[in-house]
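Below is one structure; the comments refer to it alone.
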Amino acid sequence: MKSESLKPGWRWVKFGDVVRLSKARSQDPLADGIERYVGLEHLEPGDLRIRSWGNVADGVTFTSVFQPGQVLFGKRRAYQRKVAVADFSGVCSGDIYVLETKDAQVLLPELLPFICQTDAFFEHAVGTSAGSLSPRTNWTSLADFEFMLPPMDEQHRLVKLLTSIEGCLASLSEADLATTALENSRIEDALASVPADRVITVDKLVPLGPKNGLSPKANADERGYPTLSIGAVRDGRIVAEGNTKYAEISDAEAAAFELKANDVLVVRGNGNKLLTGRCGLVDVVPKGCFYPDLLIRLKFDEKIIRPEFAVLQWNSQSTHNRLISRAKSTNGIWKINGADIRQHALKVPEVEEQDDLLAEMRAIRSARKNISTRKTAAQNLKLHALRSIENGGGNGI
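For the sequence shown, position 204 (counting from the first letter as 1) is numbered 221 according to the numbering used here, and the numbering increases by one without interruption.
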């Protein structure tokens, strides 16, 4: 055991000394009255709740039984950080370990899932995994994991804190889903009310273009002009931070392809069909920034259609589905071209109606941003609490 100084009451233990690997099995889950099964695909990274499952009646070969309160840990590809607490009984994949505390007077069952979420535990699991395509850890290795066990009163305090944070995160996630659904339904409702004579093809909405970008060889020395990676197109916006590189082009080329506020960039090719055809609105980008060949620029006539409204509609499910129905696959890349975009039709209500809808959308997105900010704060507090466990209560949580 490690000999470094610990706070009073804390002690080093091996995982296998306080945690048991359940070996409960069912050779015929359906006959045993078990209705649900859980595979790795049903566990979400960082989420302790099991939010989806399969039905045993549909056929399953899993035999590992779990009960409410037990912890499910994904031993395959442990870097995915899949840990959950069962709130129903079922059977699970052989790539999932079913864990429980040996003695609730030594380690609270409610604290176990949080120990399994610490960085130290995941690093140990990943470090002891074997296999190239589907690395797996094993129980013998996990049982050797050492961590600092808090005294019982501290365990109760940590469980209360972490459980409260989990509840807060769950509520914020539900609120985020609700506001996203509200935004999507409001957009679709607004588009459904636009009369047929206000449906206009893109070629009549843009004075020039559409125009593909440039993709010269980038350099690591920040020589030349800034340009974007395709990852800059995100949630209807162009996010330059973290998605900028540099390439040397002539001043004339830079001037011709320089991005301006309210330009719209469309993804014309991607391995993921659902990302092909998505677009983002340019707001703030580095001075002189140009755009790559896999993006197409549109400059909408703002007297007819607001660029922000065009983007909002373009990325809506019904409108995007129409566009990607034109996409063709070449060498695993789904592509659309300038002709596809010129023929793409948008619904164009009067600009006053567009402005009214945009005001509504900004209010909804402001609420979403506030939810996201609060969620990040809660996640940071949880991370701080988990590090408190790793550090033996030494970081003041």
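All C-beta atoms in this analysis are idealised placements derived from N, C-alpha and C, irrespective of residue type, glycine included.
**Request:** Report, in whole angstroms, the separation of the C-beta atoms of residue 35 and residue 123, which I expect to be a contact under 8 Å.
**Result:** 6 Å
**Request:** Count the C-beta pairs between the segment 364-374 and the segment 294-313 that are closer than 8 Å, then say yes if the count reaches three, no if not.
**Result:** no
**Asked** Using 8 Å as the Cβ pair cut-off and three pairs as the minimum, do the segment 276-289 and the segment 344-352 touch?
**Response** yes
**Prompt:** Alpha carbon to alpha carbon, how far is residue 44 from residue 73?
**Reply:** 12 Å
**Message:** Am I right that residue 173 and residue 129 are in contact with their C-beta atoms under 8 Å? What's the rounded C-beta distance?
**Reply:** Going by Cβ atoms, the distance from residue 173 to residue 129 rounds to 14 Å, so no, they are not a contact pair.
**Message:** Once the 5 residues before and after residue 389 are set aside, which same chain residues still bring their CB inside 8 Å of it?
**Reply:** 193
**Request:** Measure the alpha-carbon distance for residue 258 versus residue 105 and round it to whole angstroms.
**Result:** 43 Å
**Message:** With the cut-off set at 8 Å, would you say residue 117 and residue 37 are in Cβ contact?
**Reply:** yes
**Asked** Rounded C-beta distance between residue 223 and residue 315? I'm assuming under 8 Å.
**Response** 5 Å
**Asked** Which two residues bound the contiguous beta strand (DSSP E) that contains residue 350?
**Response** 350-352
**Asked** In whole angstroms, what separates the C-alpha of residue 214 from that of residue 375?
**Response** 22 Å
**Entirely enclosed alpha helix (DSSP H) segments - the segment 29-57, minimum 4 residues** = 32-35
**Request:** Taking residue 135 and residue 406 to be in contact with their CB atoms under 8 Å, please state how far apart those CB atoms are, rounded to whole angstroms.
**Result:** 6 Å
**Message:** Given this structure, state the Cα-to-Cα distance separating residue 178 from residue 187, to the nearest angstrom.
**Reply:** 14 Å
**Request:** Return the CA-CA distance between residue 17 and residue 268, expressed in angstroms with no decimal places.
**Result:** Lying outside 18 to 414, the shown extent of the chain, residue 17 is not represented and no answer is given.
**Prompt:** Would a C-beta distance cut-off of 8 Å place residue 298 and residue 378 closer than the cut-off?
**Reply:** no
**Item:** Delimiting residues of the beta strand (DSSP E) encompassing residue 345
**Value:** 345-347
**7 Å CB neighbourhood of residue 403 in its chain, flanking five on each side removed** = 131, 134 and 135
**Item:** Sheet register partners of residue 250 (DSSP bridge)
**Value:** 255
**Message:** At the level of alpha carbons, what is the spacing between residue 61 and residue 55?
**Reply:** 12 Å
**Request:** Report back the beta-carbon spacing between residue 428 and residue 295 to the nearest angstrom; my notes put them in contact at under 8 Å.
**Result:** Here the chain covers residues 18 to 414 and nothing more, so residue 428 does not appear.
**Message:** Measuring only the C-alpha atoms, how far is residue 183 from residue 382?
**Reply:** 24 Å
**Asked** Going by the CB atoms, is the gap between residue 163 and residue 331 shorter than 8 Å?
**Response** no
**Request:** Please confirm whether residue 217 and residue 242 have their CB atoms less than 8 Å apart.
**Result:** no
**Prompt:** What are the partner residues of residue 109, as DSSP defines its beta bridges?
**Reply:** 55 and 81
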